[in-house]
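This report refers to the structure that appears directly beneath it.
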Amino acid sequence: MSNLLCFSLFLFSILSAATSRSINETETQALLAIKARILIDPYEVFVSWNGSRHFCDWPGVICGRRHRRVTALRLPSLNLVGDLSPYIANLTFLKVINVGNNSFRGPIPREVTNLHRLEELVLANNSFHGELPRHLARCSNLKFVNLNQNALVGEIHAELGSLSKLRMLQLAMNNFTGTIPPSIGNISSLQYLSLMQNQLEGHIPIELGHLSNLRFLQLASNKFSGTVPKELYNISSIFFFGLADNQLQGQVPPYISLSLPNLRFIYLGKNKFSGPIPTSIANATGLIQLDMGSNELSGPIPNLGSLQNLQALNFGDNFLDSSSDLSFLSSLTNCTNLSLLWLYKNNLTGVLPDSIGNLSTNLNQFRIETNFISGTIAKGIGNLVGLEYLGLFENMFTSTIPDSIGKFSKLKYLYAYTNRITGEIPLSLGNMTQLIVLSIEDNLLQGNIPVTMGNFNHLEQLDLSQNRLNGTIPKEAIGLCSSIIGVSFASNGLTGTLPSEVGNCKNLILLDVSNNNLYGEIPSSLENCLMLELLSLQGNSFNGTIPSSSKRLRSIQVLDLSIMIFQGEYRSF
């Protein structure tokens, strides 16, 4: 009897060893097949994928401690180029596939659906194309699926709704079409759903309101229409609510802050929402970013000073009004983390309060253009020393540009055109050495162009046209730097000559000094502006000849020399 037992044990050990060798060989060959489909391996990850050591020691391969079977393939962010071998399905113990952030292409192998132990499938930021593999629901243990940023097409299969353990589903930035399957609402474990930037359409299914554990919802940049199901506004666990850039309509519910107490980010911009901004939004004290821009909202802007964590606020491009009272701006002084404030293109009226200077010094972008705001530009605005973008254009501002504007040492973009601003351009403007665009045309500015504009070392566009400026064009202002591409001093009362320093602007594309009182010769240095496409000198009194060197300006598309006085021979460009 004991001999028979010993023989049985011996036979079992032989069979086990044979089976183990067979399994090892199967997994080795599967991994080598994966390696064979890699065309570019800049970090030489696969060089050591050979028989010199066990595959469990190969880079990116993780094995179980007990059975030494491949359980994870982690090869993210390695700049790999190739496609994914269908032999990956022979790694039957796989729980994790992560090849994200590479350049894989081709279809996702349908054989992946045979990996019944699979829990994580991360193929994001590659170039996979074709449709989602059918029967992906066979991978019933899936918890995380991230296929973002590929070129996948077709519909999102309804069978995904049977993945009862799924926590994260990311299919964003692909080309999926059709509608969201209502069955997605059956995945009660789902916490993270991102379908943004596809071609999905139709109504948002009310079944999504059944996702009681959902924390992150991102459906932006699709073609969804109709109203938002009220059930979505009742998922109390949501902290990120993204529906921007669709064709949704209806009103934002007045109880939104009560039903979504954990809300931190809300993006409803670029839709067709109408009605008022709910005053209760002020009770969502955890809000960090609030975007309701580019809709059809109307009525007043509520005081939001209670949102002390707020970093970004966008109510721009609506039909909001202020009844000549901009006091809501004063309430925002409590939002000390505010970095972006967009109120542009509304029906706001009234005068900017002096308290504007008490807004957060972290404010980076302040846009109130295209409204009906009047009065002076508050001197306190100079306290907003963190500004990089300031949009004041197309309002009814009067009086002068305050000297305090020179405190904007970080400002890159200043747009204040089409107002009624008077007085001289302050010398302190020259302190804004980071300026890229200065656009203050179509105002009532007078006096000289300040020589301090020569401090603009990064300027690309300068427009002072349609004002009442006089004096000469300073050489410092016209020979600014090689980066400038557009200059307009048109329709002022400038006198003197066109400085020869204009030839320093070698990347200049547009130069318009029309309708002034300039005289003298056209500088021959213009020949250095080889990129010049539009040159308008009309309405002046230049004399002499057009320089023969101007023939070098081969990029010219628009040349206006009308109503000019020339002496000597005329030579065309």
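Here the sequence shown stands for residues -20 to -1, 1 to 553, numbered as in mature numbering (1 follows the signal peptide of the UniProt record, and there is no 0). All C-beta atoms in this analysis are idealised placements derived from N, C-alpha and C, irrespective of residue type, glycine included.
Simplified DSSP assignment, three categories, for L533: DSSP places L533 in coil when its eight states are reduced to three.
Classification of T207 by the beta-carbon crowding that lies within 10 angstroms, buried from 16 upward: T207 is exposed by the Cβ-count criterion.
Exposed unless 16 or more other CB atoms sit within 10 angstroms - verdict on T398: Under this definition T398 is a buried residue.
Given 8 angstroms, three or more beta-carbon pairs between the stretch 191 to 203 and the stretch 162 to 179: Flag = yes, the stretch 191 to 203 and the stretch 162 to 179 touch.
Cβ contact (3+ pairs, closer than 8 angstroms) linking the stretch 29 to 36 and the stretch 99 to 118: With a cut-off of 8 angstroms on Cβ pairs, the stretch 29 to 36 is not in contact with the stretch 99 to 118, counting fewer than three such pairs.
Beta strand (DSSP E) runs wholly inside the stretch 6 to 72, at least 3 long, in chain order: Entirely contained in the stretch 6 to 72, the beta strand (DSSP E) runs reaching 3 residues are, in chain order, 18 to 20, 41 to 43, 50 to 54 and 61 to 63.
The beta strand (DSSP E) enclosing S245, as first and last residue numbers: Per the sequence shown, the amino acid found at residue 245 is Phe instead of Ser. Run containing F245: F245 to Y247, per the beta strand (DSSP E) assignment.
Short Cβ contact (9 angstroms threshold) for L116 with R147: Cβ atoms of L116 and R147: not closer than 9 angstroms.
Contact belief for S205 with L228 at Cβ below 8 angstroms, rounded distance in angstroms: Between S205 and L228 the beta-carbon gap is near 7 angstroms, inside 8 angstroms, which marks them as a contact.
Alpha carbon of I184 to alpha carbon of P209, nearest angstrom: Each residue's alpha carbon lies about 7 angstroms from the other.
K252, buried or exposed, once every other Cβ within 10 Å from all chains shown has been counted against 16: Exposed, by the Cβ-count rule.
Exposed unless 16 or more other CB atoms sit within 10 angstroms - verdict on residue 564: This structure does not reach residue 564, given that the chain is present from -20 up to 553, and the question cannot be answered.
Supposed close pair Q129, N155 - CB separation, criterion 8 angstroms: Rounded, the Cβ-Cβ distance is 11 angstroms, inconsistent with contact.
DSSP three-state assignment for M412, whether helix, strand or coil: In this structure, M412 counts as coil in the three-state DSSP scheme.
For F108, the first and last residue of its enclosing beta strand (DSSP E): Taken as a continuous stretch (DSSP letters only), the beta strand (DSSP E) holding F108 covers S107 to E111.
Assumed close pair G360, T341 - CB separation to whole angstroms, cut-off 8 angstroms: Going by Cβ atoms, the distance from G360 to T341 rounds to 12 angstroms, so no, they are not a contact pair.
Extent of the continuous beta strand (DSSP E) run through K252: Unbroken beta strand (DSSP E) run through K252: K252 to G255.
Neighbour-count burial assignment, K325, 16 or more Cβ in a 10 Å radius: That one is buried.
Environment of N30 [buried if 16+ CB atoms lie within 10 Å]: Residue environment analysis places N30 among the exposed positions, since fewer than 16 neighbouring C-beta atoms fall within 10 angstroms of its C-beta.
Alpha-carbon to alpha-carbon, N226 and N283: Near 27 angstroms, if we compare the C-alpha coordinates of N226 and N283.
Beta-carbon contacts of P22 that lie in its chain and below 7 angstroms, excluding the five residues immediately before and after: Counting only Cβ-Cβ distances below 7 angstroms, and skipping sequence neighbours, we find N59.
Under 9 angstroms between C-beta atoms of L364 and L328: Taking C-beta atoms as the reference points, L364 and L328 fail to come closer than 9 angstroms.
Start-to-end residues for the alpha helix (DSSP H) that takes in S419: Here S419 belongs to no alpha helix (DSSP H); instead the beta strand (DSSP E) covers V417 to S419.
Residue environment, T350, which counts as buried when at least 16 other CB atoms sit within 10 Å: Classified as buried, T350 has 16 or more neighbouring CB atoms from the shown chains inside 10 Å of its CB.
Beta-carbon gap between V431 and A470 smaller than 9 angstroms: No.
DSSP state of Y213 mapped onto helix, strand, coil: In the displayed model, Y213 falls within a helix according to three-state DSSP.
Proximal residues to I77 (C-beta, below 6 angstroms), its chain only, five neighbours per side dropped: If we look at I77 and ignore the five residues flanking it on each side, its Cβ neighbours are L53 and L101.
Helix, strand or coil at L146 [DSSP, three-state]: L146 carries a coil assignment under DSSP once its states are collapsed to helix, strand and coil.
Candidates G285, N338, G249 and G273: closest to A262 by CA position: Put simply, of G285, N338, G249 and G273 the residue whose alpha carbon is nearest the alpha carbon of A262 is G285.
Rounded separation between Q537 and Y247 - CA only: In a straight line, the C-alpha of Q537 is about 43 angstroms away from that of Y247.
Cutoff 7 angstroms; reference D63; Cβ partners in own chain excluding five residues on either side: Here the set comprises R17, F84, R85 and G86.
Sub-9 angstroms separation of V61 and L112 beta-carbons: Not in contact: V61 and L112 (Cβ atoms no closer than 9 angstroms).
Helix, strand or coil at N450 [DSSP, three-state]: Here N450 sits in strand by DSSP.
Nearest-angstrom Cβ-Cβ length linking V467 and L478, presumed shorter than 8 angstroms: Taking 8 angstroms as the upper bound for CB-CB distance, V467 and L478 are not in contact here, some 11 angstroms apart.
Ranges of the beta strand (DSSP E) found wholly within the stretch 372 to 446, counting only runs of at least 3: The qualifying runs are 393 to 395, 417 to 419 and 441 to 443.
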